[in-house]
Structure formats: structure tokens, C-alpha cells
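Q: Dropping a structure here in C-alpha cells format, bear with me for questions.
In the working numbering, the protein residues as written are 22 to 313.
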């Protein structure tokens with residue numbers, strides 16, 4: 022078919038996207054993808070160039086660049102490369118739109134490193150990473166629009182670390198107003214979860230040291246969501262007096278914070294409409310099964 026005929030190697034392009042011209046085998050090996058692309062546009066808008074049909078794909082040029090680069094070099098999107106968030110968002114959207122299921126799966130897999138589904142993965146610096154261009158609120162929107170429940174709780178949590186004022190600032194995120202409202206509501210409910218976890222994790226013998234002692238400041242910041250990472254394994258050690266207390270008390274303080282963090286993490290899915298993490302994983306498995 023003409024639509025999957027590779028373009029001439031010497032053909033010039035104004036945008037200089039070399040993977041179109043230097044690697045024509047890309048179109049042959051993935052001809053089904055190209056056909057799908059042509060089927061999603063209006064044929065009446067076609068132009069011709071060198072006797073072949075030219076179809077206008079009305080997608081942002083940068084997004085299409087990321088898609089084509091990922092099609093050519095699969096390492097570009099794989100989690101071991103720790104790709105940027107904007108690239109992952111573009112690849113996710115276009116691979117979903119053009120039904121490139123294997124590429125979509127790889128994008129989702131990479132996103133789970135940014136938004137993991139276990140506290141152990143979150144605290145493992147060898148696994149979890151936050152790209153510099155991360156837009157957590159927009160990730161919430163992508164999770165809802167493209168059926169990726171597995172990243173939704175962690176994405177909502179990261180978005181909730183913004184103040185209410187920053188959530189409302191349109192220049193800070195690509196998210197829609199509806200998503201901003203969702204994140205603002207999540208933040209309020211998340212603060213209540215943090216407060217309850219703090220209140221229900223104390224023991225009488227620890228209250229004097231943890232609730233009223235030198236670590237009260239950390240609790241206040243935790244409750245206000247004023248910490249960069251409330252799930253940090255070193256949260257209880259942030260106070261300068263931590264090293265001055267006895268070993269037995271340090272152990273109790275560490276256990277206290279681990280208990281608090283575990284309760285808060287386990288509650289994240291309930292703030293997104295799921296019973297627990299098992300329900301989130303079941304929903305994600307159902308999505309994956311429908312695309313198999």
C-alpha cells in the first residue's frame with residue numbers, strides 16, 4: 022500500500038526529524054501502526070506530495086517527535102533510562118490514541134517508577150525517581166483519562182504537596198480546572214488522614230517524647246503536609262536532637278514514624294475511590310487484560 026511505502030532517503034524535511042528519513046525501515050516494520058494513524062484522520066483533508074497522499078496528523082510536533090523517537094529507539098521510553106515526564110506523557114497519549122499497545126505498556130511501566138504502588142518502592146532510591154519536569158497534577162489527569170489506576174494514588178499524593186494557592190495557579194501545571202479541584206479536595210482529605218495516623222499511632226510511653234517532646238515539630242509539619250517527602254525513611258531523624266537521645270528511644274521513634282507512614286500510605290487508594298491497594302492493582306490488571 023502507498024501509505025506504508027518508505028519515504029525517499031534524500032527527502033528534505035523542514036523540521037529535520039532524522040528518524041523519518043534515515044530509518045525508513047521504521048515504517049515497514051511497524052506498518053500496522055502507520056495504517057492505524059491514517060485511519061484516525063479525515064481523508065478529505067489529505068494533500069499530495071510526490072504523488073503520495075499526505076495526511077495531516079493534528080498532534081503537537083514535540084509530542085509526535087517523542088513518539089517517533091520511542092518507536093525507533095525503545096530504550097528511549099524504558100524505565101531503565103529514567104525518561105522525562107513530558108516525554109512519557111506525550112508517548113502515553115499518542116500510543117493510546119494510535120493503539121500502539123506495546124509502547125503504551127512501556128510508558129505505563131516507566132510511570133510506575135515515578136508513581137509507585139508500594140511504600141518499599143517509594144523509599145528505594147534505586148527504583149523511585151522524580152524527573153525535573155514532573156507535573157504531578159497533570160499526571161493525575163493522565164491517569165484518569167487513559168485508565169492508569171496504578172499511578173493515581175501516588176500522583177494525587179505528590180500533587181497534594183502543593184499549597185492550595187499553587188494548585189490554583191494555571192501556569193504551574195497543564196492540568197484542567199476539574200483536575201485541580203480533584204487535587205485540592207484530595208489535599209484536604211489527605212491532611213485528615215495524616216492527622217488520624219499521628220493520633221492513632223502513639224503509645225502512652227512514647228507520648229511524652231514524641232507528642233510533646235523534641236519531635237512535635239516534625240508532627241506539625243507532617244500534619245500540614247509541609248515536608249518534601251512525608252514517606253522518607255529518615256523522617257524521625259530530621260530533628261537535630263535525634264542523635265542526642267538514647268538508642269532505645271531512637272528505636273521507638275523510628276518505629277512510631279514507620280507505623281504512621283504505613284497507615285498513611287495504605288490510606289491513599291481510599292482517597293481515590295478504591296478500597297485499598299489490592300483493588301487498585303486489580304483495576305490495573307483489568308485494563309491491561311482488555312488491551313491484550
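Beta carbons are placed, not taken as given, at the ideal position from N, Cα and C, and that holds for glycine.
Any heavy atom of the ligand FMN within a distance shorter than 7 Å of the CB on residue 166?
A: Here there are no bound small molecules, and the ligand FMN is not part of this structure.
Q: Give me the DSSP bridge partner(s) of residue 75.
A: Looking up residue 75 in the chain shown gives position 54. Per DSSP, 68.
Q: When you compare only the Cα positions, how much space is there between residue 70 and residue 155?
A: In the chain shown, the residue the question calls residue 70 occupies position 49. In the chain shown, the residue the question calls residue 155 occupies position 134. Using only the alpha carbons, I get a separation of about 39 Å.
Q: List the endpoints of the continuous alpha helix (DSSP H) containing residue 106.
A: As a working mapping, residue 106 is identified with position 85 in the chain shown. Bounds of the alpha helix (DSSP H) holding residue 106 are 106-118.
Q: Taking residue 103 and residue 150 to be in contact with their CB atoms under 8 Å, please state how far apart those CB atoms are, rounded to whole angstroms.
A: As a working mapping, residue 103 is identified with position 82 in the chain shown. As a working mapping, residue 150 is identified with position 129 in the chain shown. That pair is a contact at about 5 Å.
Q: What is the C-beta distance between residue 115 and residue 85, in whole angstroms, given that I count them as a contact (C-beta under 8 Å)?
A: Start at 1 with the first residue of the chain shown, and residue 115 comes out as number 94. Start at 1 with the first residue of the chain shown, and residue 85 comes out as number 64. The pair is a contact, with the Cβ atoms about 7 Å apart (cut-off 8 Å).
Q: Tell me which residues share the same chain as residue 222 and place their Cβ nearer than 7 Å to its Cβ, disregarding the 5 neighbours each side in the sequence.
A: As a first step, residue 222 must be located in the chain shown, where it is residue number 201. Within the same chain, residue 222 has close Cβ partners 277, 280, 281, 284.
Q: What did DSSP end up calling residue 305 once you bin it into helix, strand or coil?
A: Start at 1 with the first residue of the chain shown, and residue 305 comes out as number 284. In the structure shown, residue 305 sits in a helix (DSSP, three-state: H, G or I).
Q: Should the region 265-276 be regarded as contacting the region 190-209, the criterion being three or more beta carbon pairs within less than 8 Å?
A: Touching, no, given that fewer than three Cβ pairs across the two stretches are closer than 8 Å.
Q: Does DSSP put residue 147 in a helix, a strand or coil?
A: Counting from one through the chain shown, the residue named residue 147 turns up at place 126. Correct three-state label for residue 147: coil.
Q: To which residues of the same chain is residue 68 closer than 7 Å at the C-beta, ignoring the five residues directly before and after it?
A: By 1-based counting over the chain shown, the position of residue 68 is 47. Hits under 7 Å: 75.
Q: My assumption, with CB atoms under 8 Å, is that residue 188 sits in contact with residue 133. Please give the rounded CB distance.
A: Locating residue 188 in the chain shown gives position 167, counting from the first residue. Locating residue 133 in the chain shown gives position 112, counting from the first residue. The pair is not a contact, with the Cβ atoms about 24 Å apart (cut-off 8 Å).
Q: Express the C-alpha separation of residue 78 and residue 252 in angstroms, rounding to a whole number.
A: By one-based count along the chain shown, residue 252 stands at place 231. By one-based count along the chain shown, residue 78 stands at place 57. Roughly 43 Å between the two C-alpha positions.
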